[in-house]
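Numbering (full-length UniProt numbering), first residue to last: 1 to 70.
For every residue, glycine included, the Cβ atom is placed at its ideal position computed from N, Cα and C.
Fair warning: this is a prediction, and the values are worked out from it, not measured in the lab.
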């Protein structure tokens with residue numbers, strides 16, 4: 001992030017952002033906070049039309065889901 005990385009960058013066919021990836025992993029609250037602080041969009045949709053919050057809930061990552069509530 002310090003070198004200008006885009007917190008909303010999508011470089012895959014699934015439309016997955018770094019925030020979607022962090023949401024899918026337990027224990028990633030600090031990463032989610034960092035991404036949000038640097039402009040990550042909580043409302044970004046994957047190609048399956050899922051926001052990061054939905055992915056966190058699906059994976060049972062309640063702490064991460066709480067940070068991603070819209």
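Residue from the options whose Cα sits closest to the Cα of residue i
| i | options | result |
| --- | --- | --- |
| residue 51 | 23, 34 and 63 | 23 |
| residue 5 | 43, 67 and 37 | 37 |
C-alpha gap between residue i and residue j, whole angstroms
| i | j | result |
| --- | --- | --- |
| residue 33 | residue 48 | 24 Å |
| residue 45 | residue 60 | 19 Å |
| residue 55 | residue 20 | 7 Å |
| residue 27 | residue 40 | 18 Å |
| residue 29 | residue 11 | 22 Å |
| residue 67 | residue 8 | 17 Å |
| residue 62 | residue 53 | 9 Å |
| residue 18 | residue 42 | 11 Å |
| residue 64 | residue 31 | 10 Å |
| residue 57 | residue 13 | 22 Å |
Exposed unless 16 or more other CB atoms sit within 10 angstroms - verdict on residue i
| i | result |
| --- | --- |
| residue 16 | buried |
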